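In the numbering used here, the protein residues as written are 41 to 529.
By construction, the Cβ of each residue, glycine as well, lies at the ideal position given by its N, Cα and C atoms.
None of the values given here were measured: they were computed from a predicted structure.
Report on one structure; see the data block that follows.
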Ligand code: AMP
Ligand code: ZN
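Set out below in structure tokens:
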């Protein structure tokens with residue numbers, strides 16, 4: 041690359057694009073709010089991690105030494121933002137009559153399977169040193185208690201239900217959410233004894249006479265940490281305050297992140313947010329939501345949109361990654377099966393383009409010149425414009441030059457996109473529902489026999505073979521302009 045475009049990112053704290061200036065020269069330290077492992081993640085949740093992964097890949101592409109932490113919340117996240125609900129983990133554990141630890145383990149593994157399938161960089165996908173790594177909330181409880189002790193005297197007060205953070209003790213509370221805090225707009229004052237409607241629990245005492253599955257001793261009695269505390273503690277412990285970038289879904293811009301910021305301010309003994317560093321991180325980034333009309337994104341609906349459901353219906357998981365990359369992370373994205381199908385077709389075309397280049401490269405001398413990749417750098421440096429990087433990656437196949445050079449350029453684009461463009465095979469992308477019983481080898485053999493019959497103008501046999509396949513759910517698609525020779529319905 042001849043020249044590096046400056047990286048600009050949209051900072052939610054200031055609601056503007058800002059040039060990225062790392063706290064530690066040459067390094068990038070990123071914290072991403074991770075899943076609460078009380079249930080399977082839905083594909084909307086996974087959009088948040090695809091976004092964080094693209095951010096991480098971009099920082100690596102631009103040469104920063106990346107440290108990327110994602111947390112696993114296995115305690116403390118309540119069903120209700122107003123601190124009055126139940127712990128999501130405790131609730132699921134009693135509903136399923138299992139221990140919380142088993143529930144956490146099961147859903148953590150399910151989440152990691154989705155991370156792997158979506159080619160999000162992590163230990164499960166690559167041993168790259170700059171891939172993300174995960175911290176588990178319950179491993180950090182002693183540090184949480186220490187953090188709370190450090191801020192309790194000046195910023196917290198104790199009531200029957202626990203230790204609460206007084207949001208009036210820090211400057212600019214709620215700036216990230218653009219909330220009016222004096223009357224606690226947007227908050228429900230459900231807990232008896234709170235000083236301000238927006239005050240939140242740092243430590244939740246186990247009510248007298250009750251026993252929680254997960255509880256620890258603390259100066260404020262036996263109980264469990266609040267959810268917001270976890271993220272402040274893990275981000276500060278692993279990355280150090282201030283770190284560079286904090287990410288999450290846009291819902292976190294309203295309550296969870298303002299509360300993390302308030303705690304970070306209290307802990308670092310700093311004040312106003314005119315200086316973003318006082319929030320604990322220089323940049324706060326939020327992905328917009330994946331939305332769906334029929335309500336199947338809700339975890340309470342029967343057939344909710346898990347990645348596994350897409351896979352069971354026969355879609356390659358990277359088609360969903362493609363769907364995410366086609367939209368800008370700050371735009372809402374509507375999920376539809378048609379949209380997923382279109383993303384799959386686009387991915388398949390790119391993979392076919394790569395296959396053709398590979399075949400050509402074998403017949404050509406090795407390339408000499410590096411293709412100019414400035415455009416990729418420019419587009420991704422403009423607040424992660426993945427949709428334009430996709431267009432460039434597609435156009436590389438048709439550029440002039442040696443096939444090997446073009447393959448190298450596509451490989452470079454794919455370092456950011458993460459679509460495995462050089463290793464996927466077009467047959468990997470066939471729609472193959474789990475319910476299908478016929479094997480691919482059988483389909484191929486029947487199609488070969490049908491081809492022979494047609495070649496010898498034996499149309500009766502050709503039609504019979506086609507009907508036989510149809511009876512087993514295989515639709516033969518002769519001359520399909522999108523190149524699907526058959527699909528399994
Ligand atoms: P949770 O496990 O509920 O804490 O959510 C995990 C992540 O997914 C958080 O960053 C949320 O902000 C994000 N998220 C939740 N719903 C959606 C959605 N429909 N689209 C995109 N991100 C979401
Ligand atoms: Zn968080």
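- Contact between the stretch 298-315 and the stretch 273-281 is present: 3 or more CB-CB pairs across the two stretches fall below 8 Å.
- Collapsing the DSSP output to three states places residue 281 in coil.
- Counting the other CB atoms within 10 Å of its CB gives residue 248 a total below 16, which places it among the exposed residues.
- Distance between residue 106 and residue 70, taken at the CA atoms: about 8 Å.
- Residue 377 carries a helical assignment under DSSP once its states are collapsed to helix, strand and coil.
- Judged by DSSP secondary structure, residue 137 falls outside any beta strand (DSSP E); it is assigned neither H nor E.
- Of the heavy atoms belonging to the ligand ZN, none sits nearer than 7 Å to the Cβ of residue 289.
- In the DSSP assignment, residue 56 forms a beta bridge with 51.
- In this structure, DSSP gives residue 89 a helical state, which the three-state scheme calls helix.
- Per DSSP, the continuous beta strand (DSSP E) segment holding residue 322 begins and ends at 321-327.
- A Cβ-Cβ contact shorter than 8 Å links residue 359 with residue 387.
- Your pair residue 192 and residue 312 does not check out as a contact, with CB atoms roughly 22 Å apart and the cut at 8 Å.
- The ligand ZN has no heavy atom closer than 7 Å to the beta-carbon of residue 356.
- The alpha helix (DSSP H) runs lying completely inside the stretch 343-427 and spanning 4 residues or more are 347-352, 357-366, 377-403, 414-421, given in chain order.
- Between residue 87 and residue 172, the alpha-carbon positions lie close to 16 Å from each other.
- Between residue 84 and residue 269 the beta-carbon gap is near 25 Å, outside 8 Å, which marks them as no contact.
- Annotated three-state conformation of residue 257 is coil, per DSSP.
- The C-beta separation of residue 101 from residue 497 comes to about 55 Å, leaving the pair out of contact by the 8 Å criterion.
- Each of 73, 271 has a C-beta closer than 5 Å to some heavy atom of the ligand ZN; these make up the full list, in chain order.
- Residue 192 has its CB no nearer than 7 Å to any heavy atom of the ligand AMP.
- Judged by the Cβ position, residue 292 qualifies as a neighbour of the ligand AMP at the 7 Å threshold, a heavy atom of the ligand being closer than this.
- Between residue 522 and residue 325 a beta carbon distance of about 35 Å is seen, past the 8 Å cut, so the two are scored as non-contacting.
- Just so you know, the alpha carbons of residue 52 and residue 89 end up roughly 18 Å apart.
- With a 10 Å radius around the Cβ and a threshold of 16 neighbouring Cβ atoms, residue 164 comes out exposed.
- For residue 127, the pairing in a beta bridge is given by DSSP as 118.
- Spanning the alpha carbons of residue 263 and residue 143 requires a straight line of approximately 20 Å.
- Here residue 427 is near residue 365, since their CB atoms are less than 8 Å apart.
- The continuous alpha helix (DSSP H) containing residue 190 extends over residues 181-195.
- Here residue 451 has 462 as same chain residues with Cβ atoms under 6 Å from its own Cβ, once five neighbours each way along the sequence are excluded.
- The criterion of a C-beta distance shorter than 8 Å is not satisfied by residue 449 and residue 429.
- The three-state secondary structure of residue 301, taken from DSSP, is helix.
- For residue 515, the enclosing beta strand (DSSP E) stretches over residues 514-516.
- For the 8 Å CB-CB criterion, residue 349 and residue 332 do not form a contact.
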